[in-house]
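S.K.:
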Amino acid sequence: MNLKEIMNWRYTTKSFDPSKKISEENLIQIKNLLRMSPSSTNLQPWHFVIAGTEEGKARVAKGTQGFFAFNEAKVLKASHVVLFCSRTSADEEYMKHVLATEDQDGRYPNEEVKQMMHGGRNTFADIHKYDLKDLAHWMEKQVYLNIGNFLLGVAALGIDAAPMEGIDMKALDEEFGLREKGFTVVTAVSIGYRAEDDFNTTDKTPKSRLPESEIITMI
Numbered sequence: 017m018n019l020k021e022i023m024n025w026r027y028t029t030k031s032f033d034p035s036k037k038i039s040e041e042n043l044i045q046i047k048n049l050l051r052m053s054p055s056s057t058n059l060q061p062w063h064f065v066i067a068g069t070e071e072g073k074a075r076v077a078k079g080t081q082g083f084f085a086f087n088e089a090k091v092l093k094a095s096h097v098v099l100f101c102s103r104t105s106a107d108e109e110y111m112k113h114v115l116a117t118e119d120q121d122g123r124y125p126n127e128e129v130k131q132m133m134h135g136g137r138n139t140f141a142d143i144h145k146y147d148l149k150d151l152a153h154w155m156e157k158q159v160y161l162n163i164g165n166f167l168l169g170v171a172a173l174g175i176d177a178a179p180m181e182g183i184d185m186k187a188l189d190e191e192f193g194l195r196e197k198g199f200t201v202v203t204a205v206s207i208g209y210r211a212e213d214d215f216n217t218t219d220k221t222p223k224s225r226l227p228e229s230e231i232i233t234m235i
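Last residue of the sequence shown: number 235 in my numbering, and the count goes up by one each step with no gaps.
Pasting the structure below:
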């Protein structure tokens with residue numbers, strides 16, 4: 017894998033070819049990308065809604081009405097759209113659920129190590145809940161870690177993507193009953209394959225990044 021080539025190839029797709037669909041094999045890999053992303057203390061404070069049917073994409077497109085209409089075609093013409101959702105709380109019941117899943121997967125050699133991890137994870141959550149008072153934001157940052165991992169991963173599969181914060185998140189929360197389930201939409205990412213007339217492809221609109229000498233300090 018040549019990361020430089022992949023990063024130069026990928027871009028925020030502005031126009032998708034609606035005739036091209038992501039294969040079931042690649043969908044399996046995409047789901048694994050979402051599940052296997054890193055998160056602080058392995059909290060995994062996320063949920064994903066993947067719309068691949070015309071009906072499903074139409075429901076997601078309810079979040080692109082009015083002011084956000086400029087993103088409607090990116091939803092409807094894409095092969096699939098992924099809603100990235102963050103937890104709104106991480107109570108003790110959820111913490112025990114994560115711990116039990118880890119234990120079942122064989123992460124802990126003994127009960128002492130298991131309880132140390134449980135205490136440490138709760139300590140970090142409490143710091144953000146009580147001291148920094150940014151627990152929701154902290155969990156949202158874990159979702160953004162997932163999004164970055166996702167964008168690189170789908171590009172490695174030769175799949176185009178368009179991350180979109182320009183959506184009506186409240187409308188989508190309501191459409192999918194997310195708040196009642198303890199989640200809220202953070203971002204939508206459309207995935208599929210670029211249309212030939214997309215003006216934003218890197219051969220038509222070259223990428224621009226600040227120089228390495230400006231952004232990297234080697235010590």
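Heads up, the beta-carbon is just placed ideally off N, CA and C, and yes, glycines get one too.
Between the region 32–46 and the region 72–79, can you find at least three pairs of beta-carbon atoms closer than 8 Å?
M.R.: no
S.K.: May I ask you to report which of helix, strand or coil DSSP gives A237?
M.R.: As shown, the chain starts at 17 and ends at 235. That puts residue 237 outside it, with no answer to give.
S.K.: Could you check which residue in Q131, P125, F100 has the C-alpha nearest to that of L115?
M.R.: Counting from one through the sequence shown, the residue named residue 115 turns up at place 99. Here the closest residue by C-alpha is Q131.
S.K.: Within 8 Å, do at least three Cβ pairs link the region 104–111 to the region 184–199?
M.R.: yes
S.K.: With DSSP collapsed to three states, give me the class of L99.
M.R.: In the sequence shown, counting from the first residue as 1, residue 99 sits at position 83. It is a strand residue.
S.K.: Please classify F215: does DSSP put it in a helix, a strand, or coil?
M.R.: The residue given as residue 215 occupies position 199 in the sequence shown. F215: coil per DSSP, three-state reduction.
S.K.: Spatial neighbours of K30 within its chain, please: CB distance less than 6 Å, with the 5 preceding and 5 following residues excluded, ordered by chain position.
M.R.: By one-based count along the sequence shown, residue 30 stands at place 14. Once the five neighbours on either side are set aside, the close Cβ partners of K30 are D214, N216.
S.K.: How far does the beta strand (DSSP E) with I46 in it extend, from its first residue to its last?
M.R.: Position 30 of the sequence shown, counted from the start, is the residue given in the question as residue 46. No beta strand (DSSP E) holds I46; the alpha helix (DSSP H) holding it covers 40–52.
S.K.: Return the residue from the list M133, I231, V205, A187 that minimises the CA-CA distance to F83.
M.R.: Counting from one through the sequence shown, the residue named residue 83 turns up at place 67. With distances taken between Cα atoms, F83 lies closest to A187.
S.K.: Out of curiosity, what's the CA-to-CA distance linking M52 and W154?
M.R.: Along the sequence shown, one-based indexing puts residue 52 at 36. Along the sequence shown, one-based indexing puts residue 154 at 138. Rounded to whole angstroms, M52 and W154 show a C-alpha spacing of 19 Å.
S.K.: Give the range of the alpha helix (DSSP H) segment to which I231 is assigned.
M.R.: Reading the sequence shown from its first residue, position 215 is the one you call residue 231. Counting along the chain, the alpha helix (DSSP H) containing I231 begins and ends at 228–231.
S.K.: Please state whether the Cβ-Cβ distance between V98 and I183 is less than 8 Å.
M.R.: Here residue 98 is taken as the residue at index 82 of the sequence shown, counted from 1. Here residue 183 is taken as the residue at index 167 of the sequence shown, counted from 1. Going by C-beta atoms, V98 is not nearer than 8 Å to I183.
S.K.: Once you ignore the five residues that flank T57 on each side, which residues in its own chain have a CB closer than 6 Å to its CB?
M.R.: Residue 57 sits at position 41 when you count from the first residue of the sequence shown. If we look at T57 and ignore the five residues flanking it on each side, its Cβ neighbours are R137, F140.
S.K.: In chain order, what residues of the same chain lie with their CB nearer than 6 Å to the CB of V159, ignoring the 5 residues before and after it?
M.R.: Indexing the sequence shown from 1 puts residue 159 at position 143. Correct list, in chain order: W62, F100, S102, V202.
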